[in-house]
């Protein structure tokens, strides 16, 4: 049985706060176990790590100004997006599709103002989400007495489909993928392409367990995935990224 329980009660997190200790207290009260997965929204991680940019201090480049004019955006916001971007893949209909320095392909390089506490500020992705996940997992072991896997999640759009789905951008202690290729289906046919994105599915399930994006519940405890939880931190979210020569949209 797969379960997902939002953990209410996390205070507003600000730069420099010890997020690991705060999460450990919630997880301990919820009876966290070693085979659980703690899914945490990236926004609260980014806030703790100081990944907040005041637009008043941003000087937009010529490129930022041109893109902003074309797409109806604040040029300062566009500049922050460009700063987080390794490659601008496409700019269409007010959306900048970017390949971030982490290798993620997403809208606006993951930069937005939602859940930013101060006006005229934006929040960026953690600098190294896998390292952030490992740090939180270590803190949980020290403060909660358990060693669950940790997934840091963000909402991404998807090609050919409407809506957004939470996916894993940072992982520690969870095998990101379950490879069924070469195994047989119920009729004995060899599976050719079945490669299950376990970490992304855990992130999506966690998002459904929250009362909403405005609920103040950035942490969700997911149970039932013990077969994929490992003692080692594992390869992290980078294992989910396609190589450039496999990118059919490049």
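Numbering (the working numbering), first residue to last: 244 to 493. We put the beta carbon where it would ideally sit given N, CA and C, even for glycine. Here the structure is a predicted model, which means the values were calculated and not measured.
In whole angstroms, give me the CA-to-CA distance for residue i and residue j.
i: residue 436; j: residue 302; result: 47 Å
i: residue 317; j: residue 410; result: 27 Å
i: residue 294; j: residue 370; result: 8 Å
i: residue 443; j: residue 407; result: 12 Å
i: residue 310; j: residue 288; result: 29 Å
i: residue 328; j: residue 431; result: 45 Å
i: residue 491; j: residue 385; result: 43 Å
Got a sec? Which residues, its chain only, sit under 6 Å from residue i by beta carbon, not counting five neighbours each side?
i: residue 380; result: 393, 415, 416
i: residue 463; result: 247, 249, 282, 449, 452
Should residue i and residue j be called a contact, given that it needs their Cβ atoms to be closer than 7 Å?
i: residue 334; j: residue 321; result: no
i: residue 373; j: residue 480; result: yes
i: residue 245; j: residue 467; result: yes
i: residue 460; j: residue 251; result: yes
i: residue 314; j: residue 337; result: yes
i: residue 503; j: residue 364; result: The first residue shown for the chain is 244 and the last is 493, placing residue 503 beyond what the model contains.
i: residue 324; j: residue 354; result: yes
i: residue 350; j: residue 413; result: no
i: residue 484; j: residue 346; result: yes
Between which residues of its own chain and residue i is the CB-CB distance below 8 Å, once the five residues before and five after are set aside?
i: residue 383; result: 263, 266, 267, 270, 275, 281, 389, 390, 391, 393
i: residue 330; result: 341, 342
I'd like the list of long-range same chain contacts for residue i, defined as Cβ closer than 7 Å, with 5 residues on each side in sequence excluded.
i: residue 332; result: 340, 341, 342, 348
i: residue 387; result: 267, 270, 271, 275
i: residue 428; result: 434
Are the segment 272-286 and the segment 393-404 touching, with three or more C-beta to C-beta distances below 8 Å? Yes: the two stretches touch, three or more of their Cβ pairs being nearer than 8 Å.
Fully enclosed by the segment 341-427, which beta strand (DSSP E) runs are 3 residues long or longer? Here the runs fully enclosed are 348-350, 364-366, 392-401, 404-415.
Do three or more CB pairs link the segment 467-478 to the segment 415-431 at distances below 8 Å? Result yes; three or more Cβ-Cβ pairs closer than 8 Å.
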